[in-house]
Amino acid sequence: MATPFGVFRSPNISPDPEVGIGNWSMLDFINAMVLGLSPELEHYYPAFPYPHYQNINYDDLIDLKTYLDTLPPSPNQVADHELIFPYTFRRGVGLWKWRYLERNKSLRTSDPKTPVERGRYLVTGPGHCGACHTPRDVFGGEMVDRFLAGAESFEVGEGPEGESEGRIPNITPHSDGIGDWSETDIAYSLESGFDPDFDSFGGSMVEVQENTARLSAEDRAAIAAYLKSIPARRSD
Ligand code: HEC
Numbered sequence: 312m313a314t315p316f317g318v319f320r321s322p323n324i325s326p327d328p329e330v331g332i333g334n335w336s337m338l339d340f341i342n343a344m345v346l347g348l349s350p351e352l353e354h355y356y357p358a359f360p361y362p363h364y365q366n367i368n369y370d371d372l373i374d375l376k377t378y379l380d381t382l383p384p385s386p387n388q389v390a391d392h393e394l395i396f397p398y399t400f401r402r403g404v405g406l407w408k409w410r411y412l413e414r415n416k417s418l419r420t421s422d423p424k425t426p427v428e429r430g431r432y433l434v435t436g437p438g439h440c441g442a443c444h445t446p447r448d449v450f451g452g453e454m455v456d457r458f459l460a461g462a463e464s465f466e467v468g469e470g471p472e473g474e475s476e477g478r479i480p481n482i483t484p485h486s487d488g489i490g491d492w493s494e495t496d497i498a499y500s501l502e503s504g505f506d507p508d509f510d511s512f513g514g515s516m517v518e519v520q521e522n523t524a525r526l527s528a529e530d531r532a533a534i535a536a537y538l539k540s541i542p543a544r545r546s547d
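Just so you know, we're using my numbering here: the sequence shown kicks off at 312 and counts up by one.
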């Protein structure tokens, strides 16, 4: 992932005991997902979206680790990040967390029972939609008061399709966003990858949609209901 802070490489999370996370306990896994801390208690960079994953409930985190444990171990050794000074100092991330983690936590649901609250859970937790759709300030923290109002692409350079991603759309119910999409349109786009004008999703949304296509129809409808319920915000 090429960003203004340097290049981040996604580590091996297969159960390989040497290069993966095969030696991790359940607690190690939950600390990483919720607190952004490694088993050695070092800070992870928030390129790993733990500011969002902290909003996943413990039952789901336990299921995730249990599932990861069933995958074949991979010996793939991933190179280190190549970051630009001063981001090479992990300890600075502690300050960043103190400033930003609580903000993302404020978006979580306390009780994901109704469809709208289930949608809030999926969007602010596992779906981490704000990681791309919410604008960031100069420190790379998401501006929660501009939640999902569209952003400059955080990644620099070329997207998976060989073109620069540029701007990521506003997905609030504003006319700058997807205000004229019905709940059915939103749910259908997350299933099929087509917007109401039958243009297909591009850039990094392609991978996201490949995953939302695997959700249940109820979960896609819940995301749509939640996106219709949030405050309409104009794009900057
Ligand atoms: C990795 C970054 C990323 C994440 C995470 C992400 N998106 Fe997107 N999304 C994009 C990009 C880039 C586009 C623009 C695609 C295009 O122009 O074809 C987009 C487009 C969209 C659109 C179409 C908006 C329009 O006006 O055309 C919707 C709806 C949408 N995303 C919903 C979501 C939801 C819901 C989630 C969370 C489940 C999500 N996105 C997570 C990057 C992301």
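Think of the CB as a built atom: it goes at the ideal place given N, C-alpha and C, for glycine as much as any other residue.
Distance between residue 448 and residue 480, taken at the CA atoms: about 17 Å.
Straight across, the Cα-Cα distance linking residue 423 with residue 477 is about 33 Å. Of the residues assessed, residue 340 falls on the buried side of the cut-off, its CB having 16 or more other CB atoms within 10 angstroms.
Short of 6 Å from the beta carbon of residue 318, and not among the five residues preceding or following it, lie these beta carbons of its own chain, in chain order: 393. In terms of Cβ geometry, residue 436 and residue 453 do not form a close pair [threshold 8 Å]. Counting only runs of at least 4 residues, the stretch 418-470 fully encloses the following alpha helix (DSSP H) elements, listed from N- to C-terminal order: 426-435, 441-444.
Here residue 529 is exposed, its C-beta having fewer than 16 other C-beta atoms within 10 Å.
Checking the 7 Å criterion, the Cβ of residue 312 is out of range of every heavy atom belonging to the ligand HEC. Assigned with DSSP and collapsed to three states, residue 525 falls in coil, not helix or strand. Boundaries of the alpha helix (DSSP H) harbouring residue 407: 403-416, taken from the DSSP string. In summary, residue 336 is exposed, with fewer than 16 beta-carbon neighbours lying within 10 Å of its beta-carbon over all protein chains present.
When distances are taken from the beta-carbon of residue 439 to the heavy atoms of the ligand HEC, the shortest one is below 7 Å.
In this structure, the straight-line span from the alpha carbon of residue 333 to that of residue 379 is close to 9 Å. By alpha-carbon distance to residue 314, the top candidate from 369, 331, 357, 524 is 357.
Excluding sequence positions up to five before and after residue 416, its CB lies within less than 7 Å of the CB of 365, 366, all in the same chain and listed in chain order. Here residue 487 is near residue 546, since their CB atoms are less than 8 Å apart. Per DSSP, the continuous alpha helix (DSSP H) segment holding residue 379 begins and ends at 369-379. In the three-state scheme derived from DSSP, where H, G and I count as helix and E and B as strand, residue 531 is classed as helix.
In the DSSP assignment, residue 317 is bridged to 314, 394. In the structure shown, the three-state DSSP call for residue 348 is strand.
Residue 543 is a Cβ neighbour of residue 490, given a cutoff of 8 Å. Setting aside the 5 residues that flank it on each side, residue 445 is surrounded in the same chain by 453, 454, 455, 457, 458, 459, 460, 462, each with a C-beta closer than 8 Å to its C-beta; the list follows chain order.
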